[in-house]
Structures are given as structure tokens and as C-alpha cells.
Amino acid sequence: MSFEARQISFQYGSKPVLKEVSFTLASGRFHALLGPNGAGKSTLFGLMTRLLALQTGELLLNGQSLRKQPAEAMRQIGVVFQQNALDLDLTVRQNLYYHAALHGLSRKEARKRGDLELERFALVERANDPVRQLNGGHRRRVEIARALLHQPGLLLLDEPTAGLDVGSRAGLNEHVRRLCEEDDLTVLWATHLIEEVQPDDRVLILHQGRLLADGEGRAICADQGQTNLADTFHALTGAGHS
Amino acid sequence: MTLAQYWHCFVGIQVREWLRFWQQRTRFFSALVRPLLWLVVFAAGFRAVLGVSIIPPYDTYITYETYIAPGLCGMIILFNSMQGALSMVYDRELGSMRVLLMSPLPRPFLLVTKLLAMGMVSMAQVYLFLLIARLLDVEPPDWGYLAVLPALLLTSLMLGALGLLIATWIKQLENFAGVMNFVIFPMFFLSSALYPLWRMKEASPWLYWICQFNPFTHAVEAIRFALYLQWNPQAFGITVLVAVVLAVLATAGFRPQRTRILSSGGKAG
Numbered sequence: 001m002s003f004e005a006r007q008i009s010f011q012y013g014s015k016p017v018l019k020e021v022s023f024t025l026a027s028g029r030f031h032a033l034l035g036p037n038g039a040g041k042s043t044l045f046g047l048m049t050r051l052l053a054l055q056t057g058e059l060l061l062n063g064q065s066l067r068k069q070p071a072e073a074m075r076q077i078g079v080v081f082q083q084n085a086l087d088l089d090l091t092v093r094q095n096l097y098y099h100a101a102l103h104g105l106s107r108k109e110a111r112k113r114g115d116l117e118l119e120r121f122a123l124v125e126r127a128n129d130p131v132r133q134l135n136g137g138h139r140r141r142v143e144i145a146r147a148l149l150h151q152p153g154l155l156l157l158d159e160p161t162a163g164l165d166v167g168s169r170a171g172l173n174e175h176v177r178r179l180c181e182e183d184d185l186t187v188l189w190a191t192h193l194i195e196e197v198q199p200d201d202r203v204l205i206l207h208q209g210r211l212l213a214d215g216e217g218r219a220i221c222a223d224q225g226q227t228n229l230a231d232t233f234h235a236l237t238g239a240g241h242s
Numbered sequence: 001m002t003l004a005q006y007w008h009c010f011v012g013i014q015v016r017e018w019l020r021f022w023q024q025r026t027r028f029f030s031a032l033v034r035p036l037l038w039l040v041v042f043a044a045g046f047r048a049v050l051g052v053s054i055i056p057p058y059d060t061y062i063t064y065e066t067y068i069a070p071g072l073c074g075m076i077i078l079f080n081s082m083q084g085a086l087s088m089v090y091d092r093e094l095g096s097m098r099v100l101l102m103s104p105l106p107r108p109f110l111l112v113t114k115l116l117a118m119g120m121v122s123m124a125q126v127y128l129f130l131l132i133a134r135l136l137d138v139e140p141p142d143w144g145y146l147a148v149l150p151a152l153l154l155t156s157l158m159l160g161a162l163g164l165l166i167a168t169w170i171k172q173l174e175n176f177a178g179v180m181n182f183v184i185f186p187m188f189f190l191s192s193a194l195y196p197l198w199r200m201k202e203a204s205p206w207l208y209w210i211c212q213f214n215p216f217t218h219a220v221e222a223i224r225f226a227l228y229l230q231w232n233p234q235a236f237g238i239t240v241l242v243a244v245v246l247a248v249l250a251t252a253g254f255r256p257q258r259t260r261i262l263s264s265g266g267k268a269g
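For the record, the sequence lines run as chains L and D. Heads up: the first sequence at position 130 corresponds to 130 in full-length UniProt numbering, and the numbers run straight through without jumps. Heads up: the second sequence at position 68 corresponds to 68 in full-length UniProt numbering, and the numbers run straight through without jumps.
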């Protein structure tokens with residue numbers, strides 16, 4: 001699943017939030033979108049998920065325009081939002097079924113795929129619990145399992161570890177990397193936490209609406225004459241270490 | 001997308017609405033208190049003041065309770081629709097709306113299905129209200145309960161679409177108090193829900209005409225006539241027309257960025 005953003009600019013009223021952002025996502029790889037709060041990450045996600053309408057530029061999924069083929073694009077994209085998007089009063093399974101139905105899956109198919117994902121995410125025992133009873137880490141896992149139910153090729157995660165403790169954060173990050181390998185899934189993981197990024201990840205650094213770097217973490221460090229990503233990020237954005 | 005996929009989606013949205021209804025059943029019952037208070041207290045007080053002559057669809061003198069029952073059915077839907085629409089774009093339903101909008105099916109279909117699902121729950125409330133009203137001697141013909149169903153569904157769609165349109169486009173009305181003062185109360189009081197329009201005409205021709213232009217008047221009349229097994233093509237026709245126009249406007253003009261769906265702060269970073 002390849003993805004390309006071409007010359008994306010976006011503004012809220014007269015305030016520019018994204019300025020001529022272009023990048024490509026390579027099929028089956030983990031990409032980290034790194035940027036401080038307010039860099040424009042969520043706006044970029046809004047555009048990629050069609051919650052925001054494109055103003056200028058083009059987004060292409062496997063060469064097809066998101067604007068022209070929205071249905072096809074949404075079939076191929078799984079999303080985990082920064083804010084909780086689960087029904088807290090419904091059970092884990094009910095949440096999965098709702099999502100499956102929205103993608104046109106029959107109840108039988110939803111049950112089959114739901115069971116598979118629940119097993120993969122070690123959630124079988126919690127399947128009939130209301131989401132409200134789950135801790136933050138488990139809720140996030142449910143959201144990722146849900147995002148994968150319709151078997152997308154591209155998984156977008158907008159600061160998925162927000163509000164989680166250090167252990168859960170690392171666990172979730174590892175889990176998604178494993179999925180990436182197992183399923184040949186293309187992943188875009190937005191974060192402002194450098195410890196979630198590894199040197200051989202593809203890294204996109206977004207700052208004040210501009211894409212300042214795009215490449216393998218190690219190569220970006222070398223370009224900037226730095227030894228680690230934290231210093232590179234600091235040098236590029238002038239931000240403190242996260 | 002195939003027809004079967006649309007169907008699974010439609011059913012899934014309905015099921016979720018009923019599951020939520022079941023989770024929040026105390027709210028469902030407490031929302032019935034409002035129309036019942038009107039029926040029991042307000043109507044008792046006003047029965048003496050307002051004489052209602054024989055007007056269609058009634059073929060005899062009726063009590064004031066009988067007169068206002070259809071209007072109160074409309075009121076239940078009015079409150080629910082506005083509250084539902086606001087929660088879709090501002091609070092409780094934000095998470096579910098994000099998920100909804102990630103569906104590959106066309107947005108107008110998703111939104112209309114969602115409005116209809118909310119409407120179904122409203123209708124359950126209306127039927128429960130009518131059942132209690134029956135115990136209080138508001139007794140429409142038995143088949144009336146079935147005949148009124150399309151009118152109730154249309155009213156739900158019309159008011160849900162209006163709510164969505166308002167919630168999306170009028171920033172000043174993003175809280176329920178604002179909607180209550182500027183939408184619900186004017187629509188309710190400037191309609192035939194509480195008093196027949198000929199009485200309004202006697203009081204003020206201006207107000208009468210405002211009532212005539214209020215689509216809620218026609219929705220209430222469509223409900224009233226259907227409940228008494230009479231066909232009122234004008235009221236029904238206007239309700240259908242307004243429901244369709246509002247549904248098209250609300251769904252075609254829906255912009256998530258004008259809501260809090262993208263991020264709870266309204267604008268994303």
C-alpha cells in the first residue's frame with residue numbers, strides 16, 4: 001500500500017497550518033511522523049481521513065486520488081484517533097461489530113474477523129466487558145484491533161500513546177511494529193515522543209506546518225551532523241528534548 | 001459498494017443506537033416526564049380556559065388532553081432530535097461520529113441512517129407516551145397507532161436534519177440552552193401543538209401566519225390526522241417536502257471541520 005502527499009497546504013481561516021507538505025509512505029513500513037504539539041500532525045491526519053477537506057495539493061493512495069475515489073480510499077485506511085473513539089458503555093465486541101457494519105461487513109464476517117483480532121490482541125477475555133472497565137492500554141489495543149477489522153493496507157495512528165504510562169506506551173509501539181511486519185501493513189505513527197522512534201524508522205519531521213526532514217532516522221541524523229534523533233530533532237525545530 | 005453492504009451498515013447503525021438506548025434507559029424514561037407533565041398538569045389547568053370546538057380530524061367534542069397529545073408526541077421528537085443532533089457534533093457522540101465518518105459508504109447515507117436510528121428511539125418514546133396517555137383517557141382508534149408511524153418517522157427525520165443543520169452551521173447555538181430558547185420553544189409554541197390555529201388567527205393574524213410557515217405545525221397535524229385515521233395530504237406533503245429538503249441540506253452541507261469531530265477543541269494542531 002503506497003501513499004503519496006503532494007504539495008499539501010491547509011489553513012484555518014487565514015492561519016496556515018500546513019505549508020506545501022510532500023512525502024511518500026513506502027509499502028509495508030513503519031513511518032514516524034514526529035512533531036511538537038501544534039506542528040500540524042492532526043491536521044494532516046484530518047486531511048488523510050477526509051475529516052478535513054483538501055484545500056490545495058493532492059493525496060494519492062496506490063496512485064488513486066483520495067479526493068476522486070474517497071470510498072476506495074476509506075476501505076484501505078484504518079485510523080486510530082488521538083481522542084478516544086470507542087463507545088465506553090458498549091462491550092469490546094459490540095464496538096468491533098459497529099465498525100465492521102460501517103464497512104459493510106455482515107455479522108458473520110464481523111464475528112469471524114473480530115475473533116481473530118481479539119485473539120491477536122490478547123483481548124479475548126475482555127471481549128464482553130464494557131470498554132469503560134478497560135484500562136487505557138487495553139482501550140488503545142481495542143482501537144487498533146478495530147481499525148484493522150476491515151483489513152486496511154494503511155494504518156494511521158495519531159499520538160496513540162497519549163495518556164498511557166511508559167510500560168503501555170512501549171508495549172503498544174512494539175505491537176504495531178510487529179503488525180507492520182506480519183501484515184505487510186504501511187503505518188504512519190504520529191508522535192511528539194522521540195523515544196517511540198527507532199533509528200532505522202522512516203521519519204518525517206513536521207514543524208510549524210513544514211516538513212523539515214523525510215528519510216531514515218539514521219540518515220537524517222547524519223545529515224544534521226548529530227548522533228541521535230533527539231539532538232537532530234532539537235537542532236531542526238529548536239524544541240527541547242522530549 | 002453492494003446493496004448488501006449498505007444493508008449491513010444500516011442495520012449496524014440501528015443496532016448501536018438501540019444498544020446505547022438500553023445502556024441509557026433511565027434517561028429514556030426520565031425524558032418522558034416532560035410530556036407527561038404537560039399532559040397531566042398543564043392540560044388540566046388549561047382545560048377550563050380553552051374550549052375546543054369540533055375540528056377535524058375529531059368528530060366530536062374532545063378534551064384538551066386529547067387535543068394536545070399529538071403535539072406532545074411532536075415535542076418528544078423535537079427535544080430528542082435537537083439533543084441528538086447537538087451530541088453528534090459537540091459532545092457525547094463525537095467518538096462514534098469519527099468512526100461513522102471513516103466508513104467508505106457515502107456520508108449522506110451514513111448521516112441519514114444515523115438520524116433515522118435516533119428517530120427510531122424517539123418513536124419508542126412516543127409510543128410509550130401514547131400508551132400512558134391512553135390510561136389518561138386519550139384514546140385514538142387502535143389502528144391509529146400504526147397509521148401514525150410514517151408521520152412520526154418523517155417528523156424525526158425532519159427535525160433531526162434541522163438539528164444537524166443548525167448544530168453544524170450556527171456556532172452561537174452550540175449548547176442546548178441556546179437551541180431550547182431559539183429553536184425548540186419558538187417552534188413548539190408557534191405551532192398547532194397547544195392550540196388550534198383558528199384560535200391563533202382570532203388572536204393575531206401575524207402569529208397565525210408564522211404558525212402556518214412553521215414546518216412543525218404541519219408535522220404535528222400530520223401526526224394528529226394519522227393518529228385518528230384521517231388523511232391530511234397538505235400536512236403530510238409539507239412534512240415530506242421539508243424533511244427531504246432539510247435532509248439534503250444537512251447531509252450534503254455537512255462539514256466535519258465545522259464541528260468538534262476532528263478534535264475536541266474544534267481545531268486540530
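By construction, the Cβ of each residue, glycine as well, lies at the ideal position given by its N, Cα and C atoms.
Please tell me whether residue i has its Cβ less than 8 Å away from any Cβ of chain D.
{"i": "L/Arg-178", "result": "no"}
{"i": "L/Ala-5", "result": "no"}
{"i": "L/Val-187", "result": "no"}
{"i": "L/Leu-33", "result": "no"}
{"i": "L/Gly-46", "result": "yes"}
{"i": "L/Ser-242", "result": "The predicted model places L/Ser-242 with a pLDDT of 43, which falls under 50 and marks its position as unreliable, so this point remains unresolved."}
{"i": "L/Ala-190", "result": "no"}
{"i": "L/Ser-9", "result": "no"}
{"i": "L/Asp-89", "result": "yes"}
{"i": "L/Leu-59", "result": "no"}
{"i": "L/Leu-18", "result": "no"}
{"i": "L/Leu-52", "result": "yes"}
Determine the chain D residues that contact residue i at a beta-carbon separation under 7 Å, and present them in chain order.
{"i": "L/His-103", "result": "Ser-103, Pro-104"}
{"i": "L/Thr-49", "result": "Met-102"}
{"i": "L/His-99", "result": "Val-99"}
If we count the other Cβ atoms within 10 Å of its Cβ and call it buried at 16 or more, is residue i buried or exposed?
{"i": "D/Tyr-228", "result": "buried"}
{"i": "D/Gly-265", "result": "Note that D/Gly-265 has pLDDT 44, beneath the 50 cutoff, so the model's placement of it is unreliable and the number below is only indicative. Answer is exposed; the Cβ neighbour count stays below 16."}
{"i": "L/Glu-216", "result": "exposed"}
{"i": "L/Gly-63", "result": "exposed"}
{"i": "D/Ile-13", "result": "buried"}
{"i": "L/Gln-76", "result": "buried"}
{"i": "L/Leu-44", "result": "buried"}
{"i": "D/Arg-134", "result": "exposed"}
{"i": "L/Asn-37", "result": "exposed"}
{"i": "D/Thr-60", "result": "exposed"}
{"i": "D/Tyr-67", "result": "buried"}
{"i": "residue 275 of chain D", "result": "Given that chain D is displayed from residue 1 to residue 269, the structure contains no residue 275 of chain D and the question cannot be resolved."}
{"i": "D/Leu-131", "result": "exposed"}
Cβ closer than 8 Å: which chain D residues qualify as neighbours of residue i?
{"i": "L/Ala-162", "result": "Chain D residues near L/Ala-162: none, gap ~12 Å exceeds 8 Å."}
{"i": "L/Ser-106", "result": "Ala-4, His-8"}
Determine, using beta carbons only, whether residue i comes closer than 8 Å to chain L.
{"i": "D/Arg-27", "result": "no"}
{"i": "D/Gly-95", "result": "yes"}
{"i": "D/Gly-269", "result": "Its pLDDT being 42, under 50, D/Gly-269 is placed unreliably in this model, and the coordinates cannot settle the point."}
{"i": "D/Gln-172", "result": "no"}
{"i": "D/Ala-1", "result": "First, the amino acid is wrong: residue 1 of chain D is Met here, not Ala. Yes, D/Met-1 counts as interfacial toward chain L."}
{"i": "D/Leu-262", "result": "yes"}
{"i": "D/Gln-257", "result": "yes"}
List, in order along the chain, the chain L residues whose C-beta lies closer than 7 Å to that of residue i?
{"i": "D/Arg-98", "result": "Phe-81, Ala-85"}
Find the residues of chain D that neighbour residue i, judging by a C-beta separation of less than 9 Å, and give them in chain order.
{"i": "L/Asp-115", "result": "Near L/Asp-115 there are no residues of chain D at all, since even the closest Cβ is about 17 Å away, more than 9 Å."}
{"i": "L/Gln-94", "result": "Val-15, Arg-16, Leu-19"}
{"i": "L/Leu-212", "result": "Here the premise fails: no neighbours, minimum Cβ distance about 16 Å."}
- [ ] Report yes or no: do the region 243 to 256 of chain D and the region 70 to 80 of chain D share at least 3 C-beta pairs separated by less than 8 Å?
- [x] When Cβ pairs closer than 8 Å are counted between the two stretches, the region 243 to 256 of chain D is seen not to touch the region 70 to 80 of chain D, the count staying below three.
- [ ] With 7 Å as the C-beta to C-beta threshold (strictly closer), list the residues of the region 124 to 157 of chain L near chain D in chain order.
- [x] Those residues of the region 124 to 157 of chain L that come within reach of chain D (Cβ to Cβ, closer than 7 Å) do not exist; the list is empty.
Task: Contact residues within the region 5 to 31 of chain D, judged by C-beta distance below 8 Å to chain L - done: Only those residues of the region 5 to 31 of chain D whose C-beta falls short of 8 Å from the nearest C-beta of chain L are listed: Gln-5, Tyr-6, His-8, Cys-9, Val-11, Gly-12, Ile-13, Val-15, Arg-16, Leu-19, Arg-20, Gln-23, Gln-24.
Task: Stretch-stretch touch, CB-based, cutoff 8 Å, three pairs: the region 80 to 97 of chain L with the region 135 to 143 of chain L - done: The region 80 to 97 of chain L, when compared against the region 135 to 143 of chain L, does touch it at the 8 Å Cβ threshold.
TODO: Determine contact between the region 136 to 144 of chain D and the region 99 to 119 of chain L, defined as no fewer than three beta-carbon pairs at a distance below 8 Å.
DONE: The region 136 to 144 of chain D, when compared against the region 99 to 119 of chain L, does not touch it at the 8 Å Cβ threshold.
Open item on the list: Give me the subset of the region 61 to 80 of chain L whose CB atoms are less than 7 Å from a CB atom of chain D, sorted by chain position.
Closed with: Against chain D - using a Cβ distance shorter than 7 Å - the residues of the region 61 to 80 of chain L are Ala-71, Met-74, Arg-75, Val-79.
Task: Cβ pair count under 8 Å reaching 3, the region 98 to 108 of chain L against the region 8 to 25 of chain D - done: The region 98 to 108 of chain L vs the region 8 to 25 of chain D: in contact.
Open item on the list: Does the structure place the region 150 to 163 of chain D close enough to the region 114 to 133 of chain D that three or more beta carbon pairs sit under 8 Å?
Closed with: Output reads yes: the region 150 to 163 of chain D touches the region 114 to 133 of chain D.
Task: Contact the region 76 to 90 of chain L vs the region 128 to 137 of chain L: 3+ CB pairs below 8 Å - done: Flag = yes, the region 76 to 90 of chain L and the region 128 to 137 of chain L touch.
- [ ] Would you check if there are 3 or more beta carbon pairs closer than 8 Å linking the region 158 to 177 of chain D to the region 79 to 99 of chain D?
- [x] As far as the Cβ criterion goes, the region 158 to 177 of chain D touches the region 79 to 99 of chain D, which means the pair count is three or higher.
TODO: Determine contact between the region 191 to 198 of chain D and the region 209 to 224 of chain D, defined as no fewer than three beta-carbon pairs at a distance below 8 Å.
DONE: Verdict: yes, contact present.
Open item on the list: Quick test of the definition: if touching needs 3 or more C-beta pairs under 8 Å, does the region 184 to 201 of chain L touch the region 23 to 33 of chain L?
Closed with: Yes: at least three Cβ pairs fall under 8 Å.
Open item on the list: Does the structure place the region 101 to 113 of chain D close enough to the region 176 to 190 of chain D that three or more beta carbon pairs sit under 8 Å?
Closed with: Verdict: no, contact absent.
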